Ligand code: F1P
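Numbering (this note's numbering), first residue to last: 59 to 407.
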């Protein structure tokens, strides 16, 4: 059957989330001391493809919670344009994220950072014995996130959860609230599959656009990548209000606009602006799907701290991409032209 691995990996991810949190429990007692010893002035999160998008969300959360300047970049940019990203390696912590731990650009970027006397390297990976993990001072493992599919689903969510736990723990939050998420993940998978499948099957929708802001922009970008690689459907991702600055000119009856709405209870003006934007775009003819606690088409649980949410947007959006691929007769396990790991000739670096 087409896509059986991907489907299985999506549906079993809450168990992998729980295992990742168990691993984090073991690492947590040492983390604060390690962090205080390093005391970096800047944190860089890096990865490739999916794990670059993960880095975007991780960096946003990390800076928001800790107050320490953090940014994300693709490993290739760190490698080839490092001076546009790192100013002072001796006071910089690099957090490298990779499902496989073997992607050439990520390995080469970490190696170069080491040679430039970088302050420290932490790694989030599904393979704690991998070459990347062996280069790290500290590894956060998500072993149960390992998968057979090319496209990352269970692995991405498990590693994102570790990044959420890391930011929360370093900033002194009670990260153990994340233990509630696997149960919410199971509920979301069970209850949202029919609506994801229904939207995915609408053949007149030819363009899927994902909107997310702050820590959710990276997740929106990952949803865009899932839709692109699994279902070969034109997909884009934008920060919410950026959508008004040009991209909305593309709206037609063929547009599905999917909003990863910010929680309403944080007193941020973002939540109101995002909801207004979705309403305005619906009036222009886009088909709208909003994910939010309280008032979403897809309802996320309420009353969690804001930093607990990013991983919860993933299950319905992964199912959307999977069912879109299935509706088009494609095999989401084997996206066209892609391999699970990109291996490049290191001689050129
Ligand atoms: C990252 C990667 C992505 C690609 C695909 C498979 O590998 O190769 O570049 O988009 O999703 O994974 P990794 O470094 O996380 O193993």
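Beta carbons are placed, not taken as given, at the ideal position from N, Cα and C, and that holds for glycine. All of these numbers come straight from a predicted model, not from anything done at the bench.
Check whether the Cβ of residue 157 lies closer than 7 Å to any heavy atom of the ligand F1P, and answer yes or no. yes
What does DSSP give as the partner residue(s) for residue 196 in the beta ladder? 180
Express the C-alpha separation of residue 90 and residue 194 in angstroms, rounding to a whole number. Distance from the CA atom of residue 194 to the CA atom of residue 90, rounded to whole angstroms, is 17 Å.
From the DSSP secondary-structure annotation, give me the bridge partner or partners of residue 131. According to DSSP, which records beta bridges pairwise, residue 131 is partnered with 104.
Helix, strand or coil for residue 143? Go by DSSP, reduced to three states. coil
Looking at C-alpha atoms only, which residue of 178, 240, 342, 305 is the closest neighbour of residue 370? Nearest C-alpha to residue 370: 240.
Exposure of residue 274, with buried meaning 16 or more beta-carbon neighbours within 10 Å: buried
Taking the alpha carbon of residue 276 as the reference point, which residue from 130, 235, 216 has its own alpha carbon closest? 130
If you draw a straight line from the C-alpha of residue 156 to the C-alpha of residue 135, how long is it? 16 Å
Under a three-way DSSP split, which group does residue 235 fall into? helix
Per DSSP, which one or two residues make a beta bridge with residue 317? 269, 348
Does the beta-carbon of residue 28 have 16 or more other beta-carbons within 10 angstroms, so that it is buried, or is it exposed? What the structure shows of the chain is the stretch from 59 to 407, and residue 28 is not part of that stretch, so it cannot be assessed.
How is residue 168 classed by DSSP in three states: helix, strand or coil? In this structure, residue 168 counts as helix in the three-state DSSP scheme.
Do residue 34 and residue 227 have their C-beta atoms within less than 8 Å of each other? Only positions 59 to 407 of the chain appear in the structure, and residue 34 is not among them; the question remains open.
When we look at the beta-carbon of residue 139 and count the other beta-carbons within 10 Å, is it buried (16 or more) or exposed? Answer is exposed; the Cβ neighbour count stays below 16.
Buried or exposed by the 16-neighbour rule on C-beta atoms within 10 Å, applied to residue 256: exposed
Kindly give me the distance between the Cβ atoms of residue 164 and residue 106, rounded to whole angstroms, as I take these residues to be in contact under 8 Å. 6 Å
Indicate whether residue 373 and residue 68 have their beta-carbon atoms separated by less than 8 Å. Between residue 373 and residue 68, the C-beta gap is smaller than 8 Å, which places the two residues in contact.
By Cβ distance below 6 Å, which residues in the same chain neighbour residue 410 in space, the five residues on each side in sequence not counted? Nothing about residue 410 can be read from this structure; the chain reaches only from 59 to 407.
Counting beta carbon pairs with one atom in the region 215-223 and one in the region 198-207, are three or more of them shorter than 8 Å? yes
Got a sec: does the ligand F1P put a non-hydrogen atom nearer than 7 Å to the Cβ of residue 107? yes
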